[in-house]
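A.B. asks: Below you will find the structure I want to go over with you.
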Amino acid sequence: MKRSKTRKQWIWFFGILAAFIVLLIGLYVRMISVRTSAYETVTEERISPVRVQDTVSTEVWRTTSFLARVEGGQTIDVIAYVGGWVIEKKVILGQEVKKGDPLIVLEDPRRELRLKESEARLKSARANLNELRRKLDQSQALFEKGIVARDTVDSLANQVASESASVDSLEASYGLMKWDVDNLTVTSPIEGKVEEVLPDVGQEVTEGQLLVELVSTEQKRVVAGVEPRWARVIRPGMKVALSTNYNNHMEKTEGEILGVSSNIDTISGTYRVEAKIIDNPYNWLPGEIVNMEIPIELLSDVVVVPRTAVLSDSNELFIFVYQDGKAVKVPVDVDWINDREGTISTDLIPADSRIIVEGHVGLSGGQIVKLMQ
Numbered sequence: 005m006k007r008s009k010t011r012k013q014w015i016w017f018f019g020i021l022a023a024f025i026v027l028l029i030g031l032y033v034r035m036i037s038v039r040t041s042a043y044e045t046v047t048e049e050r051i052s053p054v055r056v057q058d059t060v061s062t063e064v065w066r067t068t069s070f071l072a073r074v075e076g077g078q079t080i081d082v083i084a085y086v087g088g089w090v091i092e093k094k095v096i097l098g099q100e101v102k103k104g105d106p107l108i109v110l111e112d113p114r115r116e117l118r119l120k121e122s123e124a125r126l127k128s129a130r131a132n133l134n135e136l137r138r139k140l141d142q143s144q145a146l147f148e149k150g151i152v153a154r155d156t157v158d159s160l161a162n163q164v165a166s167e168s169a170s171v172d173s174l175e176a177s178y179g180l181m182k183w184d185v186d187n188l189t190v191t192s193p194i195e196g197k198v199e200e201v202l203p204d205v206g207q208e209v210t211e212g213q214l215l216v217e218l219v220s221t222e223q224k225r226v227v228a229g230v231e232p233r234w235a236r237v238i239r240p241g242m243k244v245a246l247s248t249n250y251n252n253h254m255e256k257t258e259g260e261i262l263g264v265s266s267n268i269d270t271i272s273g274t275y276r277v278e279a280k281i282i283d284n285p286y287n288w289l290p291g292e293i294v295n296m297e298i299p300i301e302l303l304s305d306v307v308v309v310p311r312t313a314v315l316s317d318s319n320e321l322f323i324f325v326y327q328d329g330k331a332v333k334v335p336v337d338v339d340w341i342n343d344r345e346g347t348i349s350t351d352l353i354p355a356d357s358r359i360i361v362e363g364h365v366g367l368s369g370g371q372i373v374k375l376m377q
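Here it is, written out as structure tokens:
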């Protein structure tokens, strides 16, 4: 009886012990599961999303930029070729005109009457000449038949020559008078903008008097001051990019270098560079400031990257590349860089890698990264 009771006690003891062991194993498994899940969550959070670009070798022009001022063309003085009275002003201050557009209309009745008189005399002389030529042709035919003498034909031929000379003289006189009348309408000799209109309607003007001042818009140009090291490589005929930001919209066009001044400006320490605007679709006005970008060197076997992809650390430039699922830190030398982009020699970038261009914040070398979708 006593032995049976002892046996039951041991059975209960081992049962409780087994239950306790099972409970401990369960708690351990639960703890390991929680820790693994937490680790995986932290690891997942540490995987940075990045955007990459392929490593493509190319060639690109290294450029440098200067601020340039838009200047108009030369100021043209339009004078009166003939005198008269102003009866109409066709333009106003600031108006743009094309070559040949009327500016001012003059009136001079005396010139118009002389033109009519000259025209009438010319018509009469031409009629006389035609009649003499007709008589000469008849006399020539009668002479060949032996009806009239040779002297009659020669006399008519001399009259025709005299009258022909008279017609030439009258045509020249008529042409001059017509030129005077035509110039009573003063036209623009260039494409430009009206700076000033001097006479008023009803005012008498004389030959040679200044009537209108125009500023040429046919050859607008930009002028920049450049440092001596750049002035040495700039040549006439080089194409340049011109741009400006207007109402949050980038306006771009092309220009061509006209030349570089031979002397340096002692105040600014720069050389004057002029470029003509090849096309001005935005109607830039004189005085506006634009950016002039000049190509100075052709770089070959380079990769063009965004400016933000080039980072610095303790005066060392580097980039991150994506390779085998990790971010690899690569020290680089930048051949050329501006506020938008830069170039890196192709041989500095590891093979089978892509350049990380976005997602650098908090990134470190060797860190696991994932590509942005």
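Each residue of the sequence shown is one higher than the one before, starting from 5 at the first, in our numbering.
Beta carbons: idealized from backbone N, C-alpha and C, even for Gly.
1. When the Cα atoms are used, what is the spatial distance from E44 to I372?
2. How many angstroms separate the CA atom of L215 from the CA atom of Y286?
3. Under the DSSP definition of a beta bridge, which residues are partnered with H253?
4. Enumerate in chain order the residues of its own chain whose CB-to-CB distance from W183 is below 7 Å, with the five nearest sequence positions on each side excluded.
5. Can the beta-carbon of Q163 be found closer than 8 Å to that of L136?
6. Note down the Cα distance separating L218 from V82, rounded to an integer number of angstroms.
7. Spell out whether any CB of chain D is found under 8 Å from the CB atom of L97.
8. S52 and L375 look like a contact to me (Cβ under 8 Å); what is the Cβ gap, rounded to whole Å?
9. Please state whether DSSP places V46 in a helix, a strand or coil.
10. Could you check if M181 is buried or exposed, using at least 16 other CB atoms within 10 Å of its CB as the buried criterion?
11. Where does E167 land, buried or exposed, given buried means 16+ other C-beta within 10 angstroms?
12. Suppose you measure from the CA of E231 to the CA of I271; what does that come to, to the nearest Å?
13. When you compare only the Cα positions, how much space is there between E320 and V334?
14. Can you name the start and end residues of the beta strand (DSSP E) that E297 belongs to?
15. Is it true that the CB of V244 sits closer than 8 Å to the CB of E297?
16. Cβ of V308 within 8 Å of Cβ of V64?
17. Nearest to S349 by CA position, among S61, V33 and I29, is which residue?
18. Return the chain-ordered list of same chain residues with a C-beta closer than 7 Å to the C-beta of L262, the five sequence neighbours on each side being excluded.
19. What do you reckon, are the CB atoms on E258 and L246 nearer than 8 Å?
20. With 16 other CB atoms within 10 Å as the buried threshold, where does S143 fall?
21. Classify S192 as buried or exposed, calling it buried when 16 or more other Cβ atoms lie within 10 Å of its own Cβ.
22. Pull up the distance between the alpha-carbon of N249 and that of K256, whole angstroms please.
23. Output yes or no for whether 8 Å exceeds the beta carbon distance between I108 and K93.
24. Indicate the three-state DSSP secondary structure (helix, strand or coil) for K224 in the structure shown.
25. Return the Cβ separation of K102 and E195 in integer angstroms, given the expectation that the two are a contact with Cβ distance under 8 Å.
26. Taking 8 Å as the threshold (C-beta atoms), are Q213 and A84 in contact?
27. Quick one: grab the DSSP three-state call for W288.
28. Within 10 angstroms of the Cβ of K446, are there 16 or more other Cβ atoms? Answer buried if so, exposed if not.
29. Under a Cβ-count criterion, where at least 16 other Cβ atoms within 10 Å of its own Cβ denotes burial, should G88 be classed as buried or exposed?
30. Output needed for G363: all residues of its chain with C-beta closer than 8 Å, excluding positions within five of it in sequence on either side, in chain order.
31. If you drop the 5 nearest sequence neighbours on each side, which residues of the same chain put their C-beta closer than 8 Å to that of E49?
32. What is the DSSP secondary structure of T191, reduced to helix, strand or coil?
33. Given a cut-off of 8 Å, decide if W234 and T67 are closer than it, judged by their beta-carbon atoms.
34. What I want to know is whether the C-beta of D105 ends up closer than 7 Å to one or more non-hydrogen atoms of the ligand SAM.
35. Among F24, L31 and G76, which one has its Cα closest to the Cα of T221?
36. Any idea which residues DSSP pairs T71 with across the strands?
C.D. replies: Looking at the coordinates:
1. Position 40 of the sequence shown holds residue 44. Position 368 of the sequence shown holds residue 372. The predicted position of E44 is uncertain, since its pLDDT is 43 and thus under 50; a value taken from the coordinates is nonetheless stated next. Each residue's Cα considered, the two are about 13 Å apart.
2. Indexing the sequence shown from 1 puts residue 215 at position 211. Indexing the sequence shown from 1 puts residue 286 at position 282. Distance between the alpha carbons of L215 and Y286 is about 30 Å.
3. For this step, residue 253 is matched to residue 249 along the sequence shown. H253 pairs with Y250.
4. The sequence position of residue 183 within the sequence shown is 179, counting from 1. If we look at W183 and ignore the five residues flanking it on each side, it has no Cβ neighbours.
5. The count along the sequence shown starts at 1 and reaches residue 163 at position 159. The count along the sequence shown starts at 1 and reaches residue 136 at position 132. The answer is yes: Cβ separation under 8 Å.
6. Along the sequence shown, read from residue 1 onward, the residue named residue 218 stands at position 214. Along the sequence shown, read from residue 1 onward, the residue named residue 82 stands at position 78. Between L218 and V82, the C-alpha separation is close to 8 Å.
7. Checking the listed chains, one finds no chain D in this structure; it contains a single protein chain.
8. In the sequence shown, residue 52 corresponds to position 48, counting from 1. In the sequence shown, residue 375 corresponds to position 371, counting from 1. With 8 Å as the limit, S52 and L375 do not qualify as a contact, their Cβ atoms being about 11 Å apart.
9. Here residue 46 is taken as the residue at index 42 of the sequence shown, counted from 1. Reliability of the predicted coordinates at V46 is poor, the pLDDT of 41 falling under 50, and the value obtained from them is presented with this limitation in mind. Three-state DSSP puts V46 in a helix.
10. Indexing the sequence shown from 1 puts residue 181 at position 177. M181 should be labelled buried.
11. Sequence index remark: in the sequence shown, residue 167 carries index 163 (1-based). It is buried - the Cβ of E167 has at least 16 other Cβ atoms within 10 Å.
12. Looking up residue 231 in the sequence shown gives position 227. Looking up residue 271 in the sequence shown gives position 267. Using only the alpha carbons, I get a separation of about 12 Å.
13. On the sequence shown, residue 320 is found 316 positions in, with the first residue counted as 1. On the sequence shown, residue 334 is found 330 positions in, with the first residue counted as 1. Cα-Cα distance, rounded: 10 Å.
14. Looking up residue 297 in the sequence shown gives position 293. Looking at the DSSP string, the run of the beta strand (DSSP E) that includes E297 is I293 to P310.
15. The count along the sequence shown starts at 1 and reaches residue 297 at position 293. The count along the sequence shown starts at 1 and reaches residue 244 at position 240. Cβ atoms of E297 and V244: closer than 8 Å.
16. Mapped onto the sequence shown, residue 308 falls at position 304. Mapped onto the sequence shown, residue 64 falls at position 60. Result yes, Cβ atoms of V308 and V64 sit closer than 8 Å.
17. Stepping through the sequence shown from its first residue, residue 349 is reached at position 345. Out of S61, V33 and I29, S61 has the C-alpha closest to the C-alpha of S349.
18. Start at 1 with the first residue of the sequence shown, and residue 262 comes out as number 258. Closer than 7 Å at Cβ, skipping near neighbours: R225, P240, E278, A279 and K280.
19. Position 254 of the sequence shown, counting from 1, holds the residue named residue 258. Position 242 of the sequence shown, counting from 1, holds the residue named residue 246. A contact, by the Cβ cut-off of 8 Å.
20. For the purposes of this step, residue 143 is taken as the residue at position 139 of the sequence shown. By the neighbour-count rule (16 or more Cβ atoms within 10 Å), S143 is buried.
21. As a first step, residue 192 is located in the sequence shown; it is residue number 188 there, counting from the start. Looking at its Cβ environment, which holds 16 or more other Cβ atoms inside 10 Å, S192 is buried.
22. Against the sequence shown, residue 249 aligns to sequence position 245. Against the sequence shown, residue 256 aligns to sequence position 252. Distance between the alpha carbons of N249 and K256 is about 9 Å.
23. Taking the sequence shown and counting its residues from 1, the one referred to as residue 108 is at position 104. Taking the sequence shown and counting its residues from 1, the one referred to as residue 93 is at position 89. Yes, the Cβ-Cβ distance between I108 and K93 is below 8 Å.
24. In the sequence shown, counting from the first residue as 1, residue 224 sits at position 220. Note: K224 maps to coil in three-state DSSP.
25. Locating residue 102 in the sequence shown gives position 98, where the first residue counts as 1. Locating residue 195 in the sequence shown gives position 191, where the first residue counts as 1. Indeed they touch by this definition, with Cβ atoms about 5 Å apart.
26. Position 80 of the sequence shown, counted from the first residue, corresponds to residue 84. Position 209 of the sequence shown, counted from the first residue, corresponds to residue 213. Against a cut-off of 8 Å, the Cβ pair of Q213 and A84 comes out as a contact.
27. Counting from 1 along the sequence shown, the entry for residue 288 is found at position 284. Of the three classes helix, strand and coil, the one that applies to W288 here is coil, per DSSP.
28. Not covered by the structure: residue 446. The range shown for the chain is 5 to 377.
29. Residue 88 sits at position 84 when you count from the first residue of the sequence shown. Answer is buried; the Cβ neighbour count reaches 16.
30. One-based indexing of the sequence shown puts residue 363 at position 359. These residues qualify, in order along the chain: S52, P53, V54, R55, V373 and M376.
31. The residue given as residue 49 occupies position 45 in the sequence shown. With a pLDDT of only 46 at E49, under the threshold of 50, the placement of this residue in the model should not be trusted, and no figure is reported.
32. As a first step, residue 191 is located in the sequence shown; it is residue number 187 there, counting from the start. Strand, per DSSP.
33. As a working mapping, residue 67 is identified with position 63 in the sequence shown. As a working mapping, residue 234 is identified with position 230 in the sequence shown. Against a cut-off of 8 Å, the Cβ pair of W234 and T67 comes out as no contact.
34. Absence of the ligand SAM from the depicted structure is noted, as is the absence of any ligand whatsoever, leaving it without description.
35. Numbered from its first residue, the sequence shown carries residue 221 at position 217. Comparing Cα positions, the closest option is G76.
36. Mapped onto the sequence shown, residue 71 falls at position 67. Note on residue identity: the sequence assigns Leu, not Thr, to residue 71. DSSP lists N295 as partners of L71.
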